[in-house]
Amino acid sequence: MGQELIDFERLEASLPQLREQWNTPQRPFRYLTYDGFFRAELAERILAAYPPVTRGQWDGTTYINQLNKFALTQFGPEQQLLQQVFAELNGPRFLSQLEQLTSITGLVGDEELFGGGLHQSVAGAFLDVHVDFNYHRTTKYHRRLNVIVYMNHDWQPDYNGYLELWDMTAKEQLEAIAPTFNRCVIFETNEVSFHGHPKRLATPEGVTRKSLATYYYSATRPATEITGARNTLYVNTEGAGGVLKNLKSAFRAALERVKS
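Numbering-wise (the working numbering), the sequence shown opens with residue 13 and increments by one.
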């Protein structure tokens, strides 16, 4: 396999500080940000390995609450570096560190990369604020954690595309996290972990919003957190503008399905 891509030693040394960040009091759900996730020189190689979205292997299906977002979960034999990325993210060493960090035991990865994988969004893209589906479609395990690593150099505020974390009980935004290069965001998945990037992406030509995501599951979870199975649940955080945006996206989604 060669050199490890994740800087496991640095991550291990950072666990005490990350646990403190993870357990910050008076938040509706737990989350953290951590810069320098992959080894610096290898992070550049991962970025260079992203195929352009013009290639047909990406899935860019439009939905009412999602536009211009492309996902890639299948990698050919020539994409060994990308295969290694997800092998490490689903591997025992990273799972152990996640358990130490979050105190969630029995975590398993998802080799299907259902909903995860490489992500790339182009100008006009958005993903409305939401809580994720709560059970794996095959194993029926409980979804517990999201790990997202952003891969964008020189990200500008006027591009939008910030990851927004929300307290929907208080109707307040908790954080707006810039999707900067080699930045990892980890957050728990439950009934109140609302997140998204609802503002339309305003990137110049040739600039895309790149990230990669993996999700983690367990066979059970605390009884107080168990609910019936449901799909992703979206909310509107943008008022009338959000309604109009969704109507336009719904129209485009309908056209795509007619053409297919």
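Don't be surprised by glycine CBs; every beta carbon is placed ideally from N, CA and C.
Bear in mind the structure is a predicted one, so any value in this text is a computation, not a measurement.
Residue i to residue j span [Cα, whole Å]
{"i": "Ser223", "j": "Leu130", "result": "6 Å"}
{"i": "Ala266", "j": "Gly251", "result": "23 Å"}
{"i": "Pro244", "j": "Leu175", "result": "With the sequence shown as reference, residue 244 is identified as Thr, and Pro is not the correct amino acid for it. Between Thr244 and Leu175, the C-alpha separation is close to 17 Å."}
{"i": "Pro104", "j": "Pro40", "result": "29 Å"}
{"i": "Leu107", "j": "Phe199", "result": "14 Å"}
{"i": "Leu119", "j": "Val159", "result": "13 Å"}
{"i": "Trp2", "j": "Thr236", "result": "The requested residue 2 does not occur in the structure, where the chain is confined to residues 13 to 272."}
{"i": "Met163", "j": "Thr226", "result": "14 Å"}
{"i": "Asp122", "j": "Gly72", "result": "21 Å"}
Contact under 8 Å by Cβ, residue i with residue j
{"i": "Leu213", "j": "Gly173", "result": "yes"}
{"i": "Phe206", "j": "Trp178", "result": "yes"}
{"i": "Leu157", "j": "Ile116", "result": "yes"}
{"i": "Tyr229", "j": "His142", "result": "no"}
{"i": "Met180", "j": "Val204", "result": "yes"}
CA nearest to the CA of residue i, picked from the options
{"i": "Ser133", "options": "Pro191, Pro37, Leu177, Arg42", "result": "Pro191"}
{"i": "Leu30", "options": "Ala61, Pro89, Gln109", "result": "Gln109"}
{"i": "Thr66", "options": "Pro89, Phe82, Ile58", "result": "Phe82"}
{"i": "Phe87", "options": "Leu125, Leu23, Gly118", "result": "Leu125"}
{"i": "Leu23", "options": "Leu54, Ile76, Gln112", "result": "Gln112"}
{"i": "His154", "options": "Tyr62, Gln69, Pro234", "result": "Pro234"}
{"i": "Glu100", "options": "Leu17, Thr201, Val219", "result": "Leu17"}
{"i": "Lys260", "options": "Ala231, Thr74, Asp122", "result": "Thr74"}
{"i": "Ile238", "options": "Thr215, Asn202, Tyr227", "result": "Asn202"}
{"i": "Asp47", "options": "Phe193, Asn258, Asn248", "result": "Phe193"}
{"i": "Val97", "options": "Glu217, Gly240, Glu21, Gly14", "result": "Gly14"}
{"i": "Asp341", "options": "Asn258, Arg57, Val219", "result": "For the chain, the structure presents residues 13 to 272; residue 341 sits outside this window and is missing."}
{"i": "Ile58", "options": "Pro216, Val161, Thr181, Trp34", "result": "Val161"}
{"i": "Arg264", "options": "Gln38, Leu79, Glu56", "result": "Leu79"}
Bridge partners - residue i, DSSP secondary structure assignment
{"i": "Trp178", "result": "Gln185, Phe206"}
{"i": "Arg155", "result": "Tyr229"}
{"i": "Ile116", "result": "Answer is none; Ile116 lacks a bridge partner."}
{"i": "Tyr43", "result": "Phe199"}
{"i": "Phe50", "result": "Ile18"}
{"i": "Gln132", "result": "Phe82, Lys222"}
Check: residue i C-beta below 7 Å from any heavy atom of the ligand FMN
{"i": "Ala214", "result": "For the structure depicted, the ligand FMN is absent and the ligand set is empty, with no information on it obtainable."}
For this session: Evaluate contact between the region 147-156 and the region 89-97, counting only Cβ atoms and requiring at least three cross-stretch pairs below 8 Å.
Result: The region 147-156, when compared against the region 89-97, does not touch it at the 8 Å Cβ threshold.
Exercise. Between the region 136-147 and the region 203-213, do three or more beta carbon pairs fall short of 8 Å?
Worked result: The region 136-147, when compared against the region 203-213, does touch it at the 8 Å Cβ threshold.
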